[in-house]
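Visitor: Following our numbering, the numbering of the sequence shown begins with 7 at its first residue and continues without gaps. All C-beta atoms, glycine included, are put in the ideal place defined by N, C-alpha and C. Everything numeric in this text was worked out from a predicted model, so none of it was measured. Structure incoming, see below.
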Amino acid sequence: MESDLGNLLIIGARSLVGRRLREAVTGPEGWGGEVRFTSRQQLANQSLVLDFGNPEAFQPGMDFPNVIFCTPVWLGSERLFRHLTSLGMRRLVAFSSTSLFTKETSGNDVERAVVRQLLDGEKSTIDFCGGNDIAWTILRPTLIYDEGQDENVSRIAATIRKLGFFPVCPPASGLRQPVHARDLAHAALQALRAPAAKGRS
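Take a look at the structure:
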């Protein structure tokens, strides 16, 4: 494991993983440098505003060699990454989804559109990083849950509490293993610190 290498920028303060990263960087695992969070809107002075449509306006006054991108991977434009590179980005951890594989041949047009977005987002991220000497890691969780905050596992739990069971329509072949946002927050920090995670997805 590498020691912490400078400041850390976490993009997506209001995402499920972003919220848990706030806990993780202040907990026992911690982070050795300065940590800042961004969101599209100011959150009670707890985050910096980053407008993806105008990333150059984001001037935090410090360099960020390490970036965790908690928003959908397809939102990472070349323009945004170039600005982050000008702020010192040398290491990037981004989140995609296993839907890239599990829904590739889905009969649902919306799901196939999401797969195309994931493919394009991953490719543009990897291509940019490869052309600019930035070490990247892409994490692909399945369903992300966090008690009462997510829109999948929490809904299932609410249905079970109400009905006493969960109705399933056959063939019910879409098996998924949900991952807690807290675990993903720690995984992202570990990926930043692990040389073996560079260039991996």
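Could you check if C175 is buried or exposed, using at least 16 other CB atoms within 10 Å of its CB as the buried criterion?
Guide: Here residue 175 corresponds to residue number 169 of the sequence shown, with the count starting at 1. By the neighbour-count rule (16 or more Cβ atoms within 10 Å), C175 is not buried but exposed.
Visitor: Buried or exposed: P173, going by 16 or more other Cβ atoms within 10 Å of its Cβ?
Guide: Here residue 173 refers to the residue found at position 167 of the sequence shown. Flag for P173 reads exposed.
Visitor: Measure the C-alpha to C-alpha separation of A63 and R85 and round it to an integer number of angstroms.
Guide: To locate residue 63, count along the sequence shown from 1; it is residue 57. To locate residue 85, count along the sequence shown from 1; it is residue 79. The C-alpha of R85 is placed about 12 angstroms away from the C-alpha of A63.
Visitor: Return the chain-ordered list of same chain residues with a C-beta closer than 6 angstroms to the C-beta of D152, the five sequence neighbours on each side being excluded.
Guide: Within the sequence shown, residue 152 is the residue found at index 146, counting from 1. So the list reads L22, A187, once near-sequence residues are dropped.
Visitor: Identify the continuous alpha helix (DSSP H) that holds F107 and give its terminal residues.
Guide: On the sequence shown, residue 107 is found 101 positions in, with the first residue counted as 1. It spans 105–108 - the alpha helix (DSSP H) in which F107 sits, taken as one unbroken run.
Visitor: Thinking just about the alpha-carbon of each residue, which of N114, L190, G38 is nearest to the one in T148?
Guide: Here residue 148 corresponds to residue number 142 of the sequence shown, with the count starting at 1. The candidate whose alpha carbon is nearest that of T148 is L190.
Visitor: Can you tell me where the beta strand (DSSP E) with A63 in it begins and where it stops?
Guide: The residue labelled residue 63 in the question sits at position 57 within the sequence shown. No beta strand (DSSP E) contains A63, which DSSP labels as neither H nor E.
Visitor: Could you tell me the distance, in whole angstroms, from the CA atom of A197 to the CA atom of A203?
Guide: Here residue 197 is taken as the residue at index 191 of the sequence shown, counted from 1. Here residue 203 is taken as the residue at index 197 of the sequence shown, counted from 1. If you take the alpha carbons of A197 and A203, they lie about 6 angstroms apart.
Visitor: Can you tell me where the beta strand (DSSP E) holding V174 begins and where it ends?
Guide: Within the sequence shown, numbered from 1, the residue matching residue 174 stands at position 168. No beta strand (DSSP E) contains V174, which DSSP labels as neither H nor E.
Visitor: How is the beta strand (DSSP E) around R206 delimited, first residue to last?
Guide: Counted from its first residue, the sequence shown places residue 206 at position 200. Where R206 is concerned, there is no enclosing beta strand (DSSP E), given that its DSSP letter is neither H nor E.
Visitor: Helix or strand or just coil, what does DSSP make of A19?
Guide: In the sequence shown, residue 19 corresponds to position 13, counting from 1. Residue state, collapsed to three classes: coil.
Visitor: I need the straight-line Cα distance from L125 to G205, nearest angstrom please.
Guide: By 1-based counting over the sequence shown, the position of residue 125 is 119. By 1-based counting over the sequence shown, the position of residue 205 is 199. Those two C-alpha atoms are separated by around 16 angstroms.
Visitor: My output table needs one value for L98: the three-state DSSP class, helix, strand or coil.
Guide: Translated into positions along the sequence shown, residue 98 becomes position 92. Here L98 sits in strand by DSSP.
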